[in-house]
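Remarks on the structure that follows.
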Amino acid sequence: MSAQLKAFRCSFLDFVDDPFYVSELESVRYIADGLLVIENGLVKELGDYESLQAKYVGIEIVSYPGMLIMPGFIDTHIHFPQTEAIASYGEQLLEWLHKYIFPTERKFQEFAYAQKIAAIFLDELLKNGTTTALVFAAVYPESVEAFFTEASRRKLRAISGKVMMDRNAPDYLTDTPETSYQQSKQLIEKWHKNGRLLYAVTPRFAITSSVEQLRVANQLLDEFPDVYLHTHLSENVDEIAFVNQLFPENEGYLDVYDRAGLVRNRSIFAHGVHLTDAEFARLSEANSAIAFCPTSNLFLGSGLFKIEQAKSKEHPVKVGLGTDVGAGTSFSLLQTAGEAYKVAQLRKQKLSPFQALFLATLGGARALGLEDNIGNFEVGKEADFIVIDPRSTELLAFRNSEATTTLEELAAKVFALMVVGSDRTTYATYILGNLAYERPN
Ligand SMILES: [Zn+2]
Numbered sequence: 001m002s003a004q005l006k007a008f009r010c011s012f013l014d015f016v017d018d019p020f021y022v023s024e025l026e027s028v029r030y031i032a033d034g035l036l037v038i039e040n041g042l043v044k045e046l047g048d049y050e051s052l053q054a055k056y057v058g059i060e061i062v063s064y065p066g067m068l069i070m071p072g073f074i075d076t077h078i079h080f081p082q083t084e085a086i087a088s089y090g091e092q093l094l095e096w097l098h099k100y101i102f103p104t105e106r107k108f109q110e111f112a113y114a115q116k117i118a119a120i121f122l123d124e125l126l127k128n129g130t131t132t133a134l135v136f137a138a139v140y141p142e143s144v145e146a147f148f149t150e151a152s153r154r155k156l157r158a159i160s161g162k163v164m165m166d167r168n169a170p171d172y173l174t175d176t177p178e179t180s181y182q183q184s185k186q187l188i189e190k191w192h193k194n195g196r197l198l199y200a201v202t203p204r205f206a207i208t209s210s211v212e213q214l215r216v217a218n219q220l221l222d223e224f225p226d227v228y229l230h231t232h233l234s235e236n237v238d239e240i241a242f243v244n245q246l247f248p249e250n251e252g253y254l255d256v257y258d259r260a261g262l263v264r265n266r267s268i269f270a271h272g273v274h275l276t277d278a279e280f281a282r283l284s285e286a287n288s289a290i291a292f293c294p295t296s297n298l299f300l301g302s303g304l305f306k307i308e309q310a311k312s313k314e315h316p317v318k319v320g321l322g323t324d325v326g327a328g329t330s331f332s333l334l335q336t337a338g339e340a341y342k343v344a345q346l347r348k349q350k351l352s353p354f355q356a357l358f359l360a361t362l363g364g365a366r367a368l369g370l371e372d373n374i375g376n377f378e379v380g381k382e383a384d385f386i387v388i389d390p391r392s393t394e395l396l397a398f399r400n401s402e403a404t405t406t407l408e409e410l411a412a413k414v415f416a417l418m419v420v421g422s423d424r425t426t427y428a429t430y431i432l433g434n435l436a437y438e439r440p441n
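Quick note on our numbering: the sequence shown kicks off at 1 and runs consecutively.
Spelled out as structure tokens, the structure:
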């Protein structure tokens, strides 16, 4: 046997299909005593330990008794420069940006500072079991350089980009259509598909970009067809009113991006809290994705995302979960999934534990168009996975004391992790089959 083989024995949970559209029996894969075999950082095989063990005699097996291995979490919307501004009190979106966020992001023109915060940020992701993220940097190219440098050191699959903003923000934080084009182009040429890294053209939102700059974003997408578009959409009612005022000739918020050519496959729009049915239908038609960011939407008082409308049969939209730190209040996608459940509750809708977990794993991979690379344990996928401790606190040990045999019992256990779990729930995080984080105690 080749020395590149590694194997892990544990319980395994992943998704093979979308539990919003097919039954849990058809979408959830649970192996109570499984063996995951990895070759050169990729999934070689996952199956029952009993049936596979004879095939891999002599391979060293790492066992995690009592734990649960899942694919690494995928955060489809987060801001690394806002790490230090998490939990900033008292404002809604537009005032919060001016009072807390813009002054914070100013610090990221300095590479060394940006690198220091990027390291803290990425370690926080790993600690919470997040192995892929779509990340806002700041307006300064140095912030993107710093982020990609640190993500690359950790061999993470990460997507980021320089923020484009040429109006309605302090002078120190604005670029121009021309400089945003040149800087984005240089960063794309250097970092897009550099190892596991990918680039997203990142206009902050319609309020801070002129029509000329939105056209430049479109030009970049035309010139580099496999980069992403990452922006905010329809988060807050005052924001939407301001957009309507800035773009009176357009038919609503999404239409501003649409007429600029930015509503595409590989476009990811954060929030979409106040989208109309027609806007959901347009996103579905364009194969664009939404990042649902419940902790942020609650924290900034933005509103309640209509998950059932996004995941309707008539016009299904790809949806992932985003923590949206620093407006979001946790780096943990498990906690974010728990808050997504509560948002659904407030709208008298049900979001099942498996549906919520799907959004954080395979759903996120599909939202990012990375379902051929990550999101579950299909053969050939990149072996980014996490070891979850269902008894990570005394309360959880008490709550999850029963053994799990049925899918229903597993759902109850997973749900408890979403509702009362913490960063302690992540026992270990593996990147390409290598240990990248282990809980200290
Ligand atoms: Zn955001």
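Note that the Cβ used here is the ideal one computed from N, Cα and C, for glycine as well.
Every alpha helix (DSSP H) of 4 residues or more that sits fully in the segment 217–286 is shown, in chain order, as 237–246, 253–259, 277–286. 7 Å or more divides the Cβ of R282 from the Cβ of G369.
Residues I78, I86, C293, T295, S296, F299, G322, T336 of the same chain have their beta carbon placed closer than 8 Å to that of G328, with the five preceding and five following residues left out of the count.
7 Å or more divides the Cβ of A291 from the Cβ of L333. Following the DSSP letters along the chain, one finds R9 inside the beta strand (DSSP E) bounded by residues 5–15. In the three-state DSSP reduction, M418 falls in the helix class (H, G or I). Relative to the non-hydrogen atoms of ligand 1, the Cβ of D324 comes within a distance shorter than 6 Å of at least one.
Here K162 is not near Q186, since their CB atoms are 7 Å or more apart. In the three-state reduction of the DSSP assignment, F108 falls in the helix class.
For the options T429, N441, R439, the alpha carbon positioned closest to that of T131 is the one of T429. Counting only residues of its own chain and dropping the five nearest sequence neighbours on each side, R259 has a CB closer than 8 Å to the CB of N250. Here the alpha carbon of E394 sits roughly 16 Å from the alpha carbon of V414. If you draw a straight line from the Cα of L126 to the Cα of P248, it is about 44 Å long. The beta carbons of L435 and T425 sit about 17 Å from each other, so the pair does not count as a contact at 8 Å. K306 and H274 have their C-alpha atoms some 8 Å from each other. Sequence-distant partners of D238 (beyond 5 residues in either direction) whose C-beta falls short of 8 Å from its own C-beta, in its chain, are Q92, L93, L94.
Annotation: A206 is outside any alpha helix (DSSP H) and is labelled neither H nor E by DSSP. At a Cβ-Cβ threshold of 7 Å, L407 and F15 do not count as neighbours. Listed in chain order, the beta strand (DSSP E) elements of length 3 or more contained wholly in the segment 10–93 are 28–39, 42–48, 61–71, 73–79. The residues P71, G72, I74, T131, T132, R157, A365, K381, E382, D384, in chain order, have a CB closer than 8 Å to that of I374 in the same chain once the five nearest residues on each side in sequence are set aside. With 16 or more other Cβ atoms from the protein chains shown falling within 10 Å of its own Cβ, A356 counts as buried.
Spanning the alpha carbons of T104 and S143 requires a straight line of approximately 12 Å. Of the residues assessed, N40 falls on the exposed side of the cut-off, its CB having fewer than 16 other CB atoms within 10 angstroms. DSSP, read as helix, strand or coil, puts V379 in coil. In the DSSP assignment, V325 falls outside any alpha helix (DSSP H), carrying neither H nor E.
Taking 6 Å as the cut-off, one finds at least one heavy atom of ligand 1 near enough to the beta carbon of A270. The beta-carbon separation of Y253 and S234, rounded to 5 Å, stays under the 8 Å limit for a contact.
Looking at Y21, E45, F8, L13, the one whose alpha-carbon comes closest to that of V317 is Y21. Under the three-state reduction of DSSP output, Y199 falls in the strand class. If the five residues before and after N400 are omitted, its C-beta is found closer than 7 Å to the C-beta atoms of P390, R391, K413, A416, all from its own chain and listed in chain order. Relative to Y228, the option among I207, A206, V211, T202 whose CA is nearest is T202. I386 and R167 have their alpha carbons spaced roughly 42 Å apart.
Between F148 and L197, the CB-CB gap stays under 7 Å. For a cut-off of 8 Å, the C-beta gap from Y140 to Q109 is around 4 Å, short enough to register as a contact.
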